[in-house]
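Asks: From first to last, the protein sequence lines stand for chains G and Z.
Numbers given in my numbering equal positions in the first sequence, counted from 1, plus 34.
Numbers given in my numbering equal positions in the second sequence, counted from 1, plus 34.
Glycine included, C-beta positions come from ideal geometry on N, C-alpha and C.
Number of protein chains: 2
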Amino acid sequence: MKAHLAKTMEIPEEEKRLENQLCFAVYSTAHAFTRAYKPILDRVGLTYPQYLVMLALWEKSEQPVKAIGEQLDLDSGTLSPLLKRLEQNGLIKRTRDSRDERQVIVSLTENGRVMRSEIDTIMGAIGQAAGCTLEEMKTIRGLLKGLRSNLTSAA
Amino acid sequence: MKAHLAKTMEIPEEEKRLENQLCFAVYSTAHAFTRAYKPILDRVGLTYPQYLVMLALWEKSEQPVKAIGEQLDLDSGTLSPLLKRLEQNGLIKRTRDSRDERQVIVSLTENGRVMRSEIDTIMGAIGQAAGCTLEEMKTIRGLLKGLRSNLTSAA
DNA sequence: CACAATTAAATTGTACGCAAGTGAATTTTG
DNA sequence: CAAAATTCACTTGCGTACAATTTAATTGTG
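#1: Hey, does Leu56(G) have any beta-carbon neighbour from chain Z nearer than 9 Å?
#2: Name, going along the chain, the residues of the region 83-107 of chain G whose beta-carbon falls closer than 7 Å to a beta-carbon of chain Z.
#3: Between Gly161(G) and Ile74(G), what straight-line distance do the alpha-carbon atoms span, to the nearest angstrom?
#4: What does Lys118(G) touch in chain Z if you count any residue whose Cβ is under 9 Å from its own?
#5: Find the residues of chain G that neighbour Ser62(Z), judging by a C-beta separation of less than 7 Å, and give them in chain order.
#6: How about Val60(G) and Thr129(Z): are their beta carbons less than 9 Å apart?
#7: Closer than 8 Å: is that where the CB of Glu104(Z) sits relative to any heavy atom of the ligand GTP?
#8: Can you pull the DSSP bridge partners for Val140(Z)?
#9: Which class does Cys166(Z) belong to by DSSP, given the choice of helix, strand or coil?
#10: Rounded to whole angstroms, what is the Cα-Cα separation between Leu83(G) and Arg133(Z)?
#11: Just to make sure I have the definition right: I need the residues of chain G whose C-beta is within less than 8 Å of the C-beta of Arg69(Z). Which are they?
#12: With Ala70(G) as the anchor, note down where its alpha helix (DSSP H) starts and where it stops.
#13: Touch check for the region 91-103 of chain Z and the region 170-182 of chain Z: three-plus C-beta pairs under 8 Å?
#14: Name, please, each residue of chain G whose Cβ falls closer than 7 Å to the Cβ of Leu113(Z).
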């Protein structure tokens, strides 16, 4: 039985080292990205997760909190305080949906819309820092999407 | 001048979408990993970052905080409270280095050492969830290591 | 040797992530 | 149609991350 054999197959000691964990490679690269973005985003007054929310809103303003959460894979426990800060900074506006009072519609303010002009500078700088070709980026992106979908559906 | 051209090259709109950001692929995969580990690590009473620290200590007990920080790329602001919790849970011990009183040496307790026997179960379960071949894992790991090193050295 | 500079760890303050629970609005069902 | 179940956003509590500061110990320099 192949499945049984696979499950009981010994993992070589070398594969158990921290440095050889795929999860750690993803984890530490995520932190490296956050750090690389920091000096650039500081200039426009955004944190990295806030920047991701702005990317979602620049694609489509007027989204309920839940829709943003689905795109970012974050729940309202994370988004509520984050959106409150974006609102305090004058980048977004929050209004109850009159057709469904449970929902809060998030939309860009004029300041929030204008900030989109920074996108080329930001992405240009990160592209330089990542220092890999567009082709390489697409490859990694594709592999990670597959990995992520496996991990998610396994739960 | 090639460098100048590259910097001023327009980024296609499609590449600006949240879903097409390499940083977001890494960010969301990291979260997916944490979620995949959660039910498994809950059984042994570890959080995911705590598990990474344990991996480092299973490789080598008796490490100063700084050494752990270098392997995980975390500073003492993150590690100090995390290690305090591991100590409270009886998995590690912290002692001042008598040769250099500034340093705190972290070492495994008997309970901490014994927990290493869970490593095959944990990694086996995650391997199943990730659902990709050892070859694929090595490929992604290698690509991410390169990416991470670029991002870090750019700063 | 003294004193400035450096280093290690801890602490403080801010901002995620996420589980669990609350409360109000809407849907589903009997 | 009324009660039950569900949905949405918010809040609370805990555990990271990380910048900035603090304290103690060590090293480097004159």
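Replies: Short version:
#1: yes
#2: Leu86, Leu89, Ala90, Glu93, Gln105 and Asp107
#3: 12 Å
#4: By Cβ distance, chain Z contributes nothing, its closest Cβ being about 21 Å from Lys118(G), past 9 Å.
#5: Asp107 and Arg182
#6: no
#7: The ligand GTP is not among the ligands present in this structure, which contains no ligands whatsoever.
#8: Gln97(Z) and Arg128(Z)
#9: coil
#10: Sequence inspection shows Pro at residue 83(G); the Leu mentioned does not correspond to that position. Pro83(G) and Arg133(Z): Cα-Cα distance of roughly 43 Å.
#11: Those within 8 Å of Arg69(Z) in chain G are Leu185, Thr186 and Ala189.
#12: Leu56 to Val78
#13: Contact between the region 91-103 of chain Z and the region 170-182 of chain Z is absent, because fewer than three Cβ pairs lie under 8 Å.
#14: None at all; the shortest Cβ gap to chain G is about 14 Å.
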